Amino acid sequence: MIATITTTTPWTDVFKTSAGAIYQSDAERCWYVDFAGKVAKFDYRCLLKLRKSVYHIDIEQALLNTTKDPDVEIIFICACDHCYVLSLLQIIALKELLEGTFVMLELNHILHERLCSIAS
Amino acid sequence: MKDLLRIKSLISTEIEVLLNQQVKKEALSSSIYLSMASWCNRNGYDFSSDYFFKQSEEERVHQLKFYKYILDMGGNAISPEVTGIKQEYNSFREVFEEALDQEISVTQSIKNIYARCMKEQDFVTMEFLNWFLKEQREEEYKARRALELFEVIGEEGTGRWQIDKNVGQIKYDSEA
Numbered sequence: 138m139i140a141t142i143t144t145t146t147p148w149t150d151v152f153k154t155s156a157g158a159i160y161q162s163d164a165e166r167c168w169y170v171d172f173a174g175k176v177a178k179f180d181y182r183c184l185l186k187l188r189k190s191v192y193h194i195d196i197e198q199a200l201l202n203t204t205k206d207p208d209v210e211i212i213f214i215c216a217c218d219h220c221y222v223l224s225l226l227q228i229i230a231l232k233e234l235l236e237g238t239f240v241m242l243e244l245n246h247i248l249h250e251r252l253c254s255i256a257s
Numbered sequence: 009m010k011d012l013l014r015i016k017s018l019i020s021t022e023i024e025v026l027l028n029q030q031v032k033k034e035a036l037s038s039s040i041y042l043s044m045a046s047w048c049n050r051n052g053y054d055f056s057s058d059y060f061f062k063q064s065e066e067e068r069v070h071q072l073k074f075y076k077y078i079l080d081m082g083g084n085a086i087s088p089e090v091t092g093i094k095q096e097y098n099s100f101r102e103v104f105e106e107a108l109d110q111e112i113s114v115t116q117s118i119k120n121i122y123a124r125c126m127k128e129q130d131f132v133t134m135e136f137l138n139w140f141l142k143e144q145r146e147e148e149y150k151a152r153r154a155l156e157l158f159e160v161i162g163e164e165g166t167g168r169w170q171i172d173k174n175v176g177q178i179k180y181d182s183e184a
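And the structure:
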């Protein structure tokens with residue numbers, strides 16, 4: 138767990154929920170995911186991989202699963218330093234966080250495009 | 009806030025997915041043609057076998073064009089898994105019927121990507137796809153012409169031998 142975050146470059150809030158937050162660092166061209174008690178740095182590729190692996194978890198199937206296995210998923214991303222071990226509720230929360238984040242990034246992209254077309 | 013997604017990749021995630029599907033489709037086509045080349049060769053249709061070997065090569069070139077485009081635009085090109093290739097055909101004619109079906113399906117698939125590009129105003133990918141649309145004219149013409157030979161020559165007597173000989177000479181040289 139990281140208690141304090143020391144950074145010299147400003148971060149912009151991308152999306153926040155009660156469970157966590159995702160920030161963008163323009164200078165480092167990356168995102169910081171504050172979730173499940175840690176703040177992890179993700180570059181473009183890793184953030185897309187995180188989204189893909191979280192979206193691929195079949196939550197409905199896991200909810201209907203009546204076996205005695207613990208409802209825990211390990212999210213391991215190839216070529217990325219971080220790994221998450223999450224309960225089902227945490228996975229739902231992370232999915233919500235990522236969905237919101239990508240909507241905001243898409244919105245940001247649309248705004249940039251519109252601004253560019255007005256400026257030119 | 010900088011538009012980091014755009015900085016990293018020119019194409020959207022949706023277009024990237026569609027292009028990767030097309031990579032798989034082209035790889036599948038290449039394998040199907042290879043299987044057709046094998047069947048024709050085993051059954052004594054050597055000219056048709058050569059024709060399908062060439063077609064297989066062409067599909068592979070198309071696959072790589074899509075693959076490299078995705079990478080050049082900052083996307084993630086996925087090497088496809090190709091399974092379930094049909095190895096046996098009931099007749100010489102069936103081979104060509106399936107070849108035409110395959111080409112029609114590829115054309116449709118490219119049109120679908122084009123439609124998505126239009127919706128997103130991704131003019132760069134549209135321009136890239138123009139080459140493929142033109143190429144499909146040739147591919148479909150050749151496949152359709154091959155089937156036409158079955159009608160005009162007929163399969164009776166030495167018909168199939170004649171068809172095989174003529175398949176190797178099919179060319180499309182329209183400048184339109």
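Residue numbers (the working numbering), protein chains in the order written: chain X, 138 to 257; chain W, 9 to 184. Positions of the beta carbon are idealized from the N, C-alpha and C atoms, including for glycine. Note that this is a predicted model, so its numbers are computed, not measured.
In terms of residue numbering, what span does the alpha helix (DSSP H) encompassing residue i cover?
{"i": "ALA256 of chain X", "result": "225–256"}
{"i": "ALA158 of chain X", "result": "Not the alpha helix (DSSP H): ALA158 of chain X falls in the beta strand (DSSP E), residues 157–162."}
{"i": "LYS73 of chain W", "result": "54–80"}
{"i": "VAL209 of chain X", "result": "Unbroken run through VAL209 of chain X is the beta strand (DSSP E), 209–213; no alpha helix (DSSP H)."}
{"i": "LYS33 of chain W", "result": "21–50"}
{"i": "TYR180 of chain W", "result": "Unbroken run through TYR180 of chain W: none, as it is neither H nor E."}
{"i": "TYR169 of chain X", "result": "No alpha helix (DSSP H) contains TYR169 of chain X, which is instead part of the beta strand (DSSP E) from 167–172."}
{"i": "LYS142 of chain W", "result": "131–161"}
{"i": "GLU128 of chain W", "result": "100–128"}
{"i": "GLN198 of chain X", "result": "196–201"}
Should residue i go down as buried or exposed, given a rule of 16 or more other Cβ atoms within 10 Å for buried?
{"i": "ILE228 of chain X", "result": "buried"}
{"i": "HIS70 of chain W", "result": "buried"}
{"i": "ALA140 of chain X", "result": "Note that ALA140 of chain X scores a pLDDT of 48, beneath 50, so its modelled location is shaky; the value from the coordinates is reported in the next line. Per the 10 Å Cβ criterion, exposed."}
{"i": "CYS183 of chain X", "result": "buried"}
{"i": "ASP172 of chain W", "result": "buried"}
{"i": "SER99 of chain W", "result": "exposed"}
{"i": "ASN28 of chain W", "result": "buried"}
{"i": "CYS253 of chain X", "result": "exposed"}
{"i": "THR166 of chain W", "result": "exposed"}
{"i": "ILE78 of chain W", "result": "buried"}
{"i": "MET126 of chain W", "result": "exposed"}
{"i": "LYS150 of chain W", "result": "buried"}
Below 8 Å between beta carbons: does that hold for residue i and residue j?
{"i": "ILE86 of chain W", "j": "SER39 of chain W", "result": "no"}
{"i": "VAL103 of chain W", "j": "TRP47 of chain W", "result": "yes"}
{"i": "SER20 of chain W", "j": "ASP130 of chain W", "result": "yes"}
{"i": "PHE61 of chain W", "j": "VAL31 of chain W", "result": "no"}
{"i": "LEU141 of chain W", "j": "ILE121 of chain W", "result": "no"}
{"i": "THR149 of chain X", "j": "GLU165 of chain X", "result": "no"}
{"i": "SER64 of chain W", "j": "LEU42 of chain W", "result": "yes"}
{"i": "LYS186 of chain X", "j": "CYS217 of chain X", "result": "yes"}
Check the C-beta distance from residue i over to residue j and give it rounded, since I have them as a contact under 8 Å.
{"i": "PHE172 of chain X", "j": "GLY157 of chain X", "result": "4 Å"}
{"i": "VAL209 of chain X", "j": "LEU226 of chain X", "result": "Not a contact, Cβ separation roughly 11 Å."}
{"i": "ALA35 of chain W", "j": "VAL90 of chain W", "result": "5 Å"}
{"i": "HIS219 of chain X", "j": "LEU13 of chain W", "result": "Not a contact, Cβ separation roughly 20 Å."}
{"i": "PHE152 of chain X", "j": "LEU248 of chain X", "result": "15 Å between Cβ atoms; not a contact."}
{"i": "GLU111 of chain W", "j": "GLU148 of chain W", "result": "5 Å"}
CA-CA distance, residue i and residue j?
{"i": "GLN177 of chain W", "j": "ARG153 of chain W", "result": "11 Å"}
{"i": "TRP169 of chain W", "j": "TYR53 of chain W", "result": "7 Å"}
{"i": "MET138 of chain X", "j": "ALA177 of chain X", "result": "Below a pLDDT of 50, predicted positions are generally treated as unreliable, and MET138 of chain X, at 45, falls in that range; the measurement from the model is reported next regardless. If you take the alpha carbons of MET138 of chain X and ALA177 of chain X, they lie about 10 Å apart."}
{"i": "THR133 of chain W", "j": "GLU24 of chain W", "result": "10 Å"}
{"i": "PHE55 of chain W", "j": "ASP181 of chain W", "result": "20 Å"}
{"i": "ILE194 of chain X", "j": "LEU242 of chain X", "result": "22 Å"}
{"i": "ALA123 of chain W", "j": "SER117 of chain W", "result": "10 Å"}
{"i": "PHE232 of chain X", "j": "SER162 of chain X", "result": "At residue 232 of chain X the sequence reads Lys, which differs from the Phe that was named. Their Cα atoms are separated by approximately 21 Å."}
{"i": "GLU22 of chain W", "j": "TRP168 of chain X", "result": "21 Å"}
{"i": "SER155 of chain X", "j": "LYS16 of chain W", "result": "29 Å"}
{"i": "ASN51 of chain W", "j": "GLU66 of chain W", "result": "23 Å"}
{"i": "LYS205 of chain X", "j": "ILE212 of chain X", "result": "20 Å"}
Going by DSSP, what residue range makes up the beta strand (DSSP E) through residue i?
{"i": "ASP150 of chain X", "result": "149–153"}
{"i": "LYS10 of chain W", "result": "LYS10 of chain W -> no beta strand (DSSP E), and no H or E assigned at all."}
{"i": "LYS175 of chain X", "result": "175–179"}
Kindly list, in the order they appear in chain A, the residues whose Cβ is closer than 9 Å to that of residue i.
{"i": "TYR181 of chain X", "result": "No chain A appears in this structure, whose protein chains are X and W."}
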